[in-house]
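In my numbering, the protein residues as written are 1 to 298.
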Amino acid sequence: MRKLISCLFLFATAALAAPEPIALWPKGAPGAQGDIKPETDFTKPGDGLIAGRPFMRLGNISNPTITIYKPAKERDTGAAVLVCPGGGYKIVVCDMEGTEVCEWLNSMGVTGVLLKYRVPGREGRMKGDFAPLQDAQRAMGLVRQHASEWRIDPNRVGVLGFSAGGHLSALLSNHYETRAYTAIDAADQLSCRPDFAVLAYPAYLVQKDNPTKLSEEMTVGLGTPPTFLVQAEDDGVLVECSLFYYAALKGAKVPAEMHVYAEGGHGYALRPTMKPVNVWPKLAEAWLRGLKILPEAK
1 MRKLISCLFL FATAALAAPE PIALWPKGAP GAQGDIKPET DFTKPGDGLI
51 AGRPFMRLGN ISNPTITIYK PAKERDTGAA VLVCPGGGYK IVVCDMEGTE
101 VCEWLNSMGV TGVLLKYRVP GREGRMKGDF APLQDAQRAM GLVRQHASEW
151 RIDPNRVGVL GFSAGGHLSA LLSNHYETRA YTAIDAADQL SCRPDFAVLA
201 YPAYLVQKDN PTKLSEEMTV GLGTPPTFLV QAEDDGVLVE CSLFYYAALK
251 GAKVPAEMHV YAEGGHGYAL RPTMKPVNVW PKLAEAWLRG LKILPEAK
């Protein structure tokens with residue numbers, strides 16, 4: 001009985017400690033919502049596993065949120081990262097490419113800001129009113145608006161995205177001068193440009209019919225933030241996404257680092273799949289220290 005009570009107490013404590021999601025849009029998200037059904041976890045028992053574990057497939061998201069995951073106060077560096085999970089703009093992988101990533105960031109003293117953006121894609125995908133881009137821009141503005149309250153340095157706020165979330169992170173990195181929606185409050189007057197970007201096995205960065213050219217929306221220029229790219233040659237998503245985005249960064253004289261591995265596949269995030277690509281988090285950490293986003297290792 002004592003053991004049961006102890007377990008229930010620990011469960012309740014963990015539940016109480018879990019951060020509360022924050023709605024991005026106080027009066028509802030802008031634009032046409034379409035015929036979207038209630039938010040649903042589409043994970044099924046027979047779904048494939050990554051590193052022996054399942055992952056969440058959350059869909060029908062109409063009410064986007066951010067959730068703030070703070071590191072221990074004594075480890076807090078003041079840096080923050082907006083985390084954009086993948087899912088092909090059909091679902092959002094909120095655990096493997098979301099909460100697990102925020103835990104990793106916390107271990108380095110970085111605040112993780114988990115973005116749950118709208119899916120599936122509405123009409124007008126890739127146009128100026130693309131709903132996930134609206135959500136990402138709004139999220140960055142909110143982080144900077146609350147920087148003091150959340151103990152965040154507004155000049156060290158980056159973005160990290162996986163697969164479709166990598167595409168969204170690249171969109172945010174190149175579409176920051178003008179909001180893709182009508183401003184609603186002071187948060188929308190602040191910069192939504194990331195100070196740095198990490199793109200892990202990004203998708204949709206090149207043209208479908210000509211993978212040697214970037215997608216039209218990837219307008220890389222001098223203002224594009226320093227970027228870290230990682231992808232595997234055997235990725236089902238074209239590795240050209242990383243190769244040609246890197247080439248564009250180099251052409252624009254944007255500081256960039258790219259790692260391409262022979263094996264790794266797609267959709268692994270931080271989980272240990274025993275493939276060569278699994279070393280990427282350590283390399284990304286070293287890159288962040290080189291940028292002075294994180295202090296030098298002791």
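In this text, a Cβ means the ideal position worked out from N, Cα and C, and glycines have one as well. Model, not experiment: these values are computed from the prediction.
Enumerate in chain order the residues of its own chain whose CB-to-CB distance from residue i is below 8 Å, with the five nearest sequence positions on each side excluded.
{"i": "Asn106", "result": "Tyr69, Lys70, Pro71, Ala72, Arg75 and Gly112"}
{"i": "Trp150", "result": "Ile68, Lys70, Ala80, Thr111 and Val143"}
{"i": "Pro272", "result": "Ala51 and Asn278"}
Please report the distance separating the alpha-carbon of residue i from that of residue j.
{"i": "Leu114", "j": "Lys208", "result": "29 Å"}
{"i": "Ile66", "j": "Ala23", "result": "7 Å"}
{"i": "Pro220", "j": "Arg118", "result": "According to the sequence provided, residue 220 is Val. The question's Pro does not apply to it. Distance between the alpha carbons of Val220 and Arg118: 25 Å."}
{"i": "Ala29", "j": "Leu291", "result": "35 Å"}
{"i": "Val230", "j": "Gly161", "result": "11 Å"}
{"i": "Ala286", "j": "Asn155", "result": "19 Å"}
{"i": "Pro276", "j": "Gly264", "result": "7 Å"}
{"i": "Lys90", "j": "Pro38", "result": "14 Å"}
{"i": "Thr40", "j": "Arg179", "result": "29 Å"}
{"i": "Cys192", "j": "Ser163", "result": "21 Å"}
{"i": "Asp51", "j": "Ala186", "result": "The residue asked about is misnamed: residue 51 is Ala in this sequence, not Asp. Their backbone Cα atoms lie some 43 Å apart in a straight line."}
{"i": "Arg57", "j": "Gly121", "result": "15 Å"}
{"i": "Val206", "j": "Leu172", "result": "16 Å"}
{"i": "Ala136", "j": "Ala297", "result": "31 Å"}
{"i": "Met96", "j": "Tyr201", "result": "14 Å"}
{"i": "Thr77", "j": "Ile152", "result": "8 Å"}
What does DSSP give as the partner residue(s) for residue i in the beta ladder?
{"i": "Gly158", "result": "Val81"}
{"i": "Val260", "result": "Gln231"}
{"i": "Thr40", "result": "Gly59"}
{"i": "Leu190", "result": "Paired residue(s): none; Leu190 is not in a bridge."}
{"i": "Ile22", "result": "Ile66"}
Alpha carbons only, please: which of the options is nearest the one belonging to residue i?
{"i": "Gly109", "options": "Pro54, Val239, Val157 and Leu172", "result": "Val157"}
{"i": "Gly267", "options": "Glu240, Phe42 and Gly48", "result": "Gly48"}
{"i": "Ala131", "options": "Ala232, Gly78 and Thr182", "result": "Thr182"}
{"i": "Ala269", "options": "Met258, His259 and Pro281", "result": "Pro281"}
Looking only at its chain, what residues have a beta carbon closer than 6 Å to the beta carbon of residue i, apart from the 5 residues adjacent to it on each side?
{"i": "Val101", "result": "Val83"}
> What are the complete alpha helix (DSSP H) segments, minimum 4 residues, inside the stretch 53-139?
Replying inline: The qualifying runs are 100-107.
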